[in-house]
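Residue numbers (UniProt numbering): 1 to 293.
Have a look at the structure below before the remarks.
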Amino acid sequence: MTPTLVRQHLPLAGSTPRADPGARARDWSEIQERMLVPLYEAVYERLDVGPGTRLLALGCGSGLALLMAASRGAAGLTGVEPSSPERLALARERLLPREPGERAAGARGDGGGTRLTDRLPKDTAGPGTRAYDLVTAFEPIGCRAGDADGLGGLLAATTPLVARRAPVVLVGWGPPERCATSAVLRIATKLAEPLRGSAVRLRPALRDDLEEVAGRAGLRPDGSGRVACPFGYADVESALKGLLSTGLFDAAVAATDQAQVDKELTEALHPYRRPDGTVWMPNVFRYLIARTP
């Protein structure tokens, strides 16, 4: 996986502030989003995603997981990204046609085209189009307090759109002792301490995090798995850009300043630097497959 996860990132022209939402979204798309590629591959392989799969992706980011599903032949793709208009715009660049007559990734001839939106669709893709037969929520939970708030309600709201007993995939961080990135993320809590009301409060992942979310949504657990997803970066600068693009350090920047966050993150990354200058942090993520009623 090294060629996929570690690649050289040429510096952007000019001095675009890291706080710029567009720059952050681009860093997410070019650096950080690919870190969960092994997870996407494992889930798609286990669920036999391919031609005929109709997929609803919650929290689709800038569309990489959707693009991978389309490459396997999945059609009738819908991505929902409510938290970042900038990431959603990048997903549209990746997945929607740019020229008249060009077909979107995952498009087919029966009305099951690709849709990207900031809110859950109220119905299926159109008259005569079947319900979704797979729902994914690939954004990992179990890293910070409250990061699953609202997910149960959102999953429950998908029920009218999804076929009976369709799989719904939830993802969570593994135990801290198996996630090297957990130690680096503690910087977010430490530096954001002055802003107690808005600080990111990290907590250890709990064994039943995913099952609890599934239960609140009325879903029945039906299997799980663990996948190694190392966070690999070409150098410390790429690691800083990737980690900052997650938004987990925004409160820390507000409480101190960008230079202080960069300094402390650089120090925290030191144990994970390799002799060639790359940064490598082993992590394990867990996924749960639940079924709709």
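Think of the CB as a built atom: it goes at the ideal place given N, C-alpha and C, for glycine as much as any other residue.
Computed from a prediction, not measured in an experiment: that's the story for all the values here.
CA-to-CA distance, Glu-30 to Arg-226, given in whole angstroms: 25 Å
Could you spell out the range, first to last residue, of the alpha helix (DSSP H) harbouring Gly-242? 236–244
According to DSSP, which residues form a beta bridge with Met-281? Phe-231
Can you give me the start and stop residues for the alpha helix (DSSP H) that Ile-187 sits inside? 181–191
With DSSP as the reference, identify every bridge partner of Arg-220, one or two as the case may be. Arg-291
What are the residues that DSSP puts in a beta bridge with Leu-55? Leu-134
Where Ser-198 falls: helix, strand or coil (DSSP): Residue placement at Ser-198 cannot be trusted, given a pLDDT of 49 that sits under 50; what the coordinates show is reported in the next sentence. Ser-198: coil per DSSP, three-state reduction.
Give the DSSP bridge partners of Arg-273, in chain order. Val-279
Residues near Thr-246 by beta carbon distance below 8 Å, same chain, minus five either side: Trp-28 and Gln-32
Suppose you measure from the CA of Asp-20 to the CA of Arg-92; what does that come to, to the nearest Å? 20 Å
Identify, in the order they occur along the chain, each residue of the same chain with its Cβ nearer than 6 Å to the Cβ of Arg-178, setting aside the five sequence neighbours on each side. Val-284
Mapping DSSP to helix, strand and coil, what is Glu-139? strand
Between the Cα of Leu-116 and those of Arg-130, Arg-94 and Leu-134, spot the shortest distance and give me the residue it belongs to. Arg-94
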